[in-house]
DNA sequence: ATCTAAATTTCGCGC
DNA sequence: GCGCGAAGTTTAGAT
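Residue numbers (the numbering used here), protein chains in the order written: chain A, 1 to 241; chain B, 1 to 241.
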């Protein structure tokens with residue numbers, strides 16, 4: 001069968017709705033259904049959602065998204081790799097399953113306003129600037145952004161507590177742990193840096209102490225207190241976008 | 001003007017595309033556009049995305065989502081509260097803006113396969129079980145889930161380091177900090193608990209030490225090491241769904 | 001498959 | 001508005 005996409009139906013009867021959604025599922029197409037539906041989820045958690053108008057999206061990769069009129073996040077969903085099938089209850093029902101972990105999503109429509117099936121191809125990749133990784137590259141390029149005399153020795157250096165963003169030495173030869181954050185940081189980032197410094201001090205069991213430097217645009221007051229408490233340092237740096 | 005939704009158009013000409021999207025923007029409707037587009041974003045970060053087939057969703061609340069054929073997350077987006085307008089370049093262009101922080105998203109279509117405009121109403125709220133808050137309620141109902149003799153004294157008790165999930169005393173009268181997690185935890189949760197215990201020890205400057213108990217389904221090995229290092233305890237408990 | 005941390009995280013609550 | 005932490009977080013990278 002040759003599929004001529006897009007195929008769409010406005011105010012379709014139940015049979016036509018099921019035909020189109022089935023077509024999309026069988027051929028791994030992009031499917032959207034707009035209508036009044038109820039949703040049940042059971043898996044890592046469990047949820048129930050009473051009837052309302054929503055847009056349901058099935059992706060070729062097995063993703064299912066249920067979007068209400070509000071919010072950036074879907075109110076219910078199923079991640080990529082799930083298996084979809086039609087139920088035989090109600091006018092249109094979609095069941096989505098996965099294992100590891102076992103999860104099921106059930107969408108039952110009371111009415112369907114519109115169904116559309118598309119064939120999507122997308123070779124392009126997103127290029128993104130202003131990430132933490134970009135900050136790291138800038139510092140490697142110009143270590144003085146951290147402080148004069150700083151010498152990076154490794155990135156993603158492994159410690160017992162995890163990988164350190166940048167490991168290096170200062171002009172006095174002290175070991176330095178640099179933790180990068182692309183935005184204003186709270187207490188969690190301080191604890192993270194402290195874990196790395198602790199781990200490295202144990203590993204090096206050095207006479208010279210290990211310095212911990214947080215590089216970020218800014219810190220909250222509580223985070224600032226924690227920096228002081230734990231003898232850590234802060235160097236302000238904005239991400240570039 | 002009386003709006004009769006849904007309004008849809010398959011393989012629309014540019015003028016019809018713009019008409020429908022403009023209608024949706026002006027009346028705060030649910031709009032979907034499927035077609036080949038390029039996307040640029042500039043704000044907290046910056047990104048560029050070359051042409052590909054995508055589904056673009058405009059929500060009544062000002063959310064914009066650009067979905068490719070893969071992934072649960074949109075490849076580009078704009079959060080709720082943004083303002084959308086048409087550009088006069090290309091056959092269909094949508095610009096979305098916000099302040100605080102200043103961010104702009106630009107979607108330019110090379111071809112439009114389908115446009116749909118819906119009127120969505122959704123009064124229903126999601127009921128969700130199996131959350132951390134549910135675990136807290138279970139423990140308040142049966143404190144022995146933590147340990148025999150445990151007596152909760154407060155939830156969300158404020159400390160200099162933030163609010164403690166459950167604060168209480170053990171059968172010997174020691175202060176106890178309980179940190180809850182609904183899933184397997186890594187190093188971050190241990191640091192969080194340690195911050196709370198530190199803060200309370202400073203606040204109470206007590207002879208009796210403050211106990212820190214992590215309640216979660218399980219812990220990773222590194223987290224387990226950290227628990228030992230910091231003299232914290234672990235009580236296994238599954239969330240109920 | 002698990003671990004670890006980033007993310008334009010988003011979201012909700014409190015101040 | 002900011003601060004803080006939860007989330008069915010998701011995603012990417014490494015082991």
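In this text, a Cβ means the ideal position worked out from N, Cα and C, and glycines have one as well. Since the structure is predicted, the reported quantities are computational estimates derived from the model, not experimental observations.
Would you say residue 122(B) reaches chain A, if we count a Cβ-Cβ gap shorter than 9 Å as a contact? Indexing the second chain from 1 puts residue 122(B) at position 122. Closer than 9 Å: yes.
What do you reckon, are the CB atoms on residue 171(A) and residue 152(A) nearer than 9 Å? Locating residue 171(A) in the first chain gives position 171, counting from the first residue. Locating residue 152(A) in the first chain gives position 152, counting from the first residue. Result no, Cβ atoms of residue 171(A) and residue 152(A) do not sit closer than 9 Å.
What are the complete beta strand (DSSP E) segments, minimum 3 residues, inside the segment 23-99 of chain B? The segment 23-99 of chain B contains, as complete beta strand (DSSP E) runs of 3+ residues, the segments 30-42, 46-58, 64-67, 76-78, 83-87, 92-98 (chain order).
Per DSSP, the bridge partner or partners of residue 214(A): Within the first chain, numbered from 1, the residue matching residue 214(A) stands at position 214. Beta-bridge partners of residue 214(A) (DSSP): 179(A), 234(A).
Residues bridged to residue 159(A) [DSSP beta-bridge criterion]: Position 159 of the first chain, counted from the start, is the residue given in the question as residue 159(A). According to DSSP, which records beta bridges pairwise, residue 159(A) is partnered with 162(A).
Look at the Cβ atom of residue 20(A), then the Cβ atom of residue 117(A), and state whether they are nearer than 9 Å. In the first chain, the residue the question calls residue 20(A) occupies position 20. In the first chain, the residue the question calls residue 117(A) occupies position 117. Result yes, Cβ atoms of residue 20(A) and residue 117(A) sit closer than 9 Å.
Does the Cβ-Cβ distance between residue 41(A) and residue 103(A) come in under 9 Å? What you label residue 41(A) is simply residue 41 of the first chain in a count that begins at 1. What you label residue 103(A) is simply residue 103 of the first chain in a count that begins at 1. With contacts defined as CB atoms closer than 9 Å, residue 41(A) and residue 103(A) qualify as a contacting pair.
Is there a Cβ of chain B sitting closer than 9 Å to that of residue 27(A), yes or no? Walking along the first chain from the start, residue 27(A) turns up at place 27. Chain B, which has no Cβ nearer than 9 Å to the Cβ of residue 27(A), makes this no.
Would you say residue 205(B) faces chain A, with C-beta separation under 9 Å as the test? Counting from 1 along the second chain, the entry for residue 205(B) is found at position 205. No, its Cβ sits nowhere closer than 9 Å to a Cβ of chain A.
I think residue 60(B) touches residue 29(B), with their Cβ atoms under 8 Å apart; what is that distance to the nearest whole Å? Mapped onto the second chain, residue 60(B) falls at position 60. Mapped onto the second chain, residue 29(B) falls at position 29. Confirmed, Cβ separation roughly 6 Å.
Helix, strand or coil at residue 7(A) according to DSSP, with G and I counted as helix: Indexing the first chain from 1 puts residue 7(A) at position 7. In the structure shown, residue 7(A) sits in a strand (DSSP, three-state: E or B).
Which residues, taken in chain order from the segment 155-177 of chain B, show a beta carbon closer than 8 Å to some beta carbon of chain A? For the segment 155-177 of chain B, residues whose beta-carbon sits nearer than 8 Å to a beta-carbon of chain A comprise 160, 161, 162.
How is the alpha helix (DSSP H) around residue 197(B) delimited, first residue to last? As a working mapping, residue 197(B) is identified with position 197 in the second chain. DSSP places residue 197(B) in the uninterrupted alpha helix (DSSP H) bounded by 187-204.
Quick check on DSSP: helix, strand or coil for residue 122(B)? Along the second chain, read from residue 1 onward, the residue named residue 122(B) stands at position 122. DSSP places residue 122(B) in the coil class of the three-state scheme, outside both helix and strand.
6 Å Cβ shell around residue 51(B) - same chain, five flanking residues per side excluded: Against the second chain, residue 51(B) aligns to sequence position 51. Counting only residues of its own chain and dropping the five nearest sequence neighbours on each side, residue 51(B) has a CB closer than 6 Å to the CB of 36, 38, 110.
Of all Cβ atoms in chain B, is any one closer than 9 Å to the Cβ of residue 34(A)? Position 34 of the first chain, counting from 1, holds the residue named residue 34(A). Residue 34(A) counts as touching chain B.
Using a Cβ-Cβ distance cut-off of 9 Å, determine whether residue 57(A) contacts chain B. Counting from one through the first chain, the residue named residue 57(A) turns up at place 57. Any Cβ of chain B closer than 9 Å to the Cβ of residue 57(A) would place that residue at the interface, and such an atom is present.
Going by C-alpha to C-alpha distance, which of 119(B), 214(B), 75(B), 220(B) sits closest to residue 161(A)? Counted from its first residue, the first chain places residue 161(A) at position 161. Ranking 119(B), 214(B), 75(B), 220(B) by Cα distance to residue 161(A) puts 220(B) first.
Residues of its chain near residue 146(A), where Cβ-Cβ distance is below 7 Å and the 5 sequence neighbours each way are ignored: What you label residue 146(A) is simply residue 146 of the first chain in a count that begins at 1. Answer for residue 146(A): 139, 178, 213, 215, 235, listed in chain order.
Give me the Cβ distance between residue 16(A) and residue 191(B), rounded to the nearest whole Å; I'm assuming they're in contact under 8 Å. Taking the first residue of the first chain as position 1, residue 16(A) is located at position 16. Taking the first residue of the second chain as position 1, residue 191(B) is located at position 191. 56 Å between Cβ atoms; not a contact.
Assuming residue 128(A) is part of the beta strand (DSSP E), what are its boundary residues? Taking the first chain and counting its residues from 1, the one referred to as residue 128(A) is at position 128. Residue 128(A) -> beta strand (DSSP E) spans 127-129.
For residue 163(B) versus residue 204(B), is the C-beta distance shorter than 9 Å? The residue given as residue 163(B) occupies position 163 in the second chain. The residue given as residue 204(B) occupies position 204 in the second chain. No; because the gap between Cβ atoms is not below 9 Å, this pair is not in contact.
Is residue 14(A) helix, strand or coil when you go by DSSP? For this step, residue 14(A) is matched to residue 14 along the first chain. Residue 14(A) sits in a helix when the DSSP states are folded into three classes.
Report yes if the C-beta of residue 207(B) is less than 8 Å from at least one heavy atom of the ligand ATP; otherwise report no. This structure does not include the ligand ATP; it has no bound ligands of any sort.
Establish whether the CB of residue 90(A) and some CB of chain B are separated by less than 9 Å. Start at 1 with the first residue of the first chain, and residue 90(A) comes out as number 90. False, the Cβ-Cβ gap to chain B never drops below 9 Å.
8 Å Cβ cut-off: residues of chain A touching residue 126(B): In the second chain, residue 126(B) corresponds to position 126, counting from 1. Those are 47, 48, 49, 75, 76, listed as they occur along chain A.
DSSP three-state call for residue 145(A): helix, strand or coil? Residue mapping note: residue 145(A) aligns to position 145 of the first chain, counting from 1. Reduced to three states, the DSSP call for residue 145(A) is helix.
Under three-state DSSP, which class holds residue 111(A)? In the first chain, the residue the question calls residue 111(A) occupies position 111. The answer is strand: DSSP assigns residue 111(A) an E or B state.
CA-to-CA distance, residue 57(B) to residue 92(B), given in whole angstroms: Walking along the second chain from the start, residue 92(B) turns up at place 92. Walking along the second chain from the start, residue 57(B) turns up at place 57. When the Cα atoms are used, residue 92(B) and residue 57(B) turn out to be separated by approximately 14 Å.
Start-to-end residues for the alpha helix (DSSP H) that takes in residue 222(B): Position 222 of the second chain, counting from 1, holds the residue named residue 222(B). First-last of the alpha helix (DSSP H) with residue 222(B): 221-229.
CA-CA distance, residue 131(A) and residue 74(B)? For the purposes of this step, residue 131(A) is taken as the residue at position 131 of the first chain. For the purposes of this step, residue 74(B) is taken as the residue at position 74 of the second chain. About 18 Å.
Inter-residue Cα distance where the pair is residue 7(A) and residue 121(A): The residue given as residue 7(A) occupies position 7 in the first chain. The residue given as residue 121(A) occupies position 121 in the first chain. Using only the alpha carbons, I get a separation of about 16 Å.
Starting from the Cα of residue 150(B), find the closest Cα among 86(B), 187(B), 211(B) and give me that residue. For the purposes of this step, residue 150(B) is taken as residue 150 along the second chain, with counting starting at 1. Scanning 86(B), 187(B), 211(B) for the CA closest to the CA of residue 150(B) turns up 211(B).
Name, please, each residue of chain B whose Cβ falls closer than 9 Å to the Cβ of residue 44(A). The residue labelled residue 44(A) in the question sits at position 44 within the first chain. In chain order: 130, 182, 183, 239, 241.
Hey, how far is the Cα of residue 237(B) from the Cα of residue 135(B)? Here residue 237(B) is taken as the residue at index 237 of the second chain, counted from 1. Here residue 135(B) is taken as the residue at index 135 of the second chain, counted from 1. Straight through space, the alpha carbons of residue 135(B) and residue 237(B) are spaced by roughly 8 Å.
Under 8 Å from the C-beta of residue 70(A): neighbouring residues of chain B: Counting from 1 along the first chain, the entry for residue 70(A) is found at position 70. Chain-order list of chain B residues neighbouring residue 70(A): 59, 60, 61, 63, 80, 122, by C-beta distance under 8 Å.
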